[in-house]
Structures are given as C-alpha cells and as structure tokens.
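Structure first, commentary second.
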Amino acid sequence: MEMNQEELADTLWGGELRRIRSEFVKGVSEPAIKGLLDDLYDHEVFSTEEKDSVMEGQKIRADRARCLIDMVIRKGEKASQMMIDSMKKGDKHLCSTLGLKSFPGVVVQLLVDDTCWRLDCC
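Taking my numbering, the leading residue of the sequence shown gets -2, the next gets one more, and so forth.
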C-alpha cells in the first residue's frame, strides 16, 4: 500500500480518534469535556476563543463532545495525540470503554524512491 507521509500520519492518532468518535460522543461526561478543554488549552492546542466556542457555542453535551473531537482531528496528529494522552490521564474508565489504544498500531515505514510504504504489524 503506497502512501505519502501526510497520509501515513493521518492514519495514526487522528485515525484513532475517528475510530472512537461516535462512542466518545455518547460516553464522555461534561466534567471530562471541561478537563480535556483545559488540558488542550494549557498545551496551546486551543486558543481561548476555540475553547469558549466549544462550551458556549454548543448547548448540548453530545454536541460539545462532537465539536471538541472534530476540532482536534482537524488540527492534526500532534493535537490528536495530546487529546488521547489527556484522556488517558483524566478518564481511564472512558478510555477502557472506548478501547483506546496506547499507540494506535505498530507501523513500519519503508522509504523507497521517495515513496513511503506503510506496513501494519500485529
């Protein structure tokens, strides 16, 4: 399977968030959302305006959760990894329920003729 480096990165942490998205929206609590927002703000993933838009722009908990995870996915791999790390520290039960992985799969990259090949390993 031939992939460029951007496509490869998109399959790791962001892919893990996409995999758990619907269950995250159903299961995350309001305090957990606030904790995630605070952590992501502290790590400069979100600005004050972005943090406020999740809390004030969305009135229903599920909509806040959906907005939060979608914003993080759009911000890329570092933001996605930061959110996963924050979830693991703050809500181990939810992580267990979601089947959140410590690392979203082992990936071996081969660079041949400036083409990145991805091999999924068990």
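Backbone N, C-alpha and C fix where the C-beta goes; we use that ideal spot for every residue, glycine too.
Residue 75: member of the alpha helix (DSSP H) spanning 74 to 87, first to last residue. Assigned with DSSP and collapsed to three states, residue 46 falls in helix. Counting C-beta atoms within 10 angstroms of its own C-beta, residue 71 has fewer than 16 neighbours from the protein chains shown and is therefore classed as exposed. Annotated as proximal: residue 95 and residue 17, with beta-carbon spacing under 7 Å. Per DSSP, residue 96 lies in no alpha helix (DSSP H) segment and is marked neither H nor E. With 16 or more other CB atoms across the displayed protein chains lying within 10 angstroms of its CB, residue 77 is buried. Per DSSP, reduced to three states, the secondary structure at residue 25 is coil, with no helix or strand assignment. Rounded to whole angstroms, the separation of the alpha carbons of residue 83 and residue 56 is 23 Å.
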